Amino acid sequence: MNTIFLPLVNWGMGTVIIGVFAVVCIALVLVVYSLANGDKKSTDTEK
-17 MNTIFLPLVN
-7 WGMGTVIIGV
3 FAVVCIALVL
13 VVYSLANGDK
23 KSTDTEK
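29 is the number that the numbering used here gives the last residue of the sequence shown; the numbers go up by one with no jumps.
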């Protein structure tokens, strides 16, 4: 009896997508962090 090998997961493409997702998440966290610190510094200089 022949069994059909059907890969349901493409591990190569999956790891690339997970890597891109991680880079985007890190970039967004850095942007939010820099915006939060930038607001504090600008209010201190106005006083």
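Glycine residues also receive a C-beta, built at the ideal position from the N, C-alpha and C atoms.
These figures come from a predicted structure and were not determined experimentally.
Same chain, Cβ closer than 7 angstroms to residue i, five either side skipped, listed in chain order
i: residue 2; result: none
i: residue -6; result: none
Backbone CA spacing between residue i and residue j [nearest angstrom]
i: residue 18; j: residue -1; result: 29 angstroms
i: residue 15; j: residue -15; result: 53 angstroms
i: residue 13; j: residue 7; result: 10 angstroms
i: residue -9; j: residue -3; result: 11 angstroms
i: residue 4; j: residue 20; result: 24 angstroms
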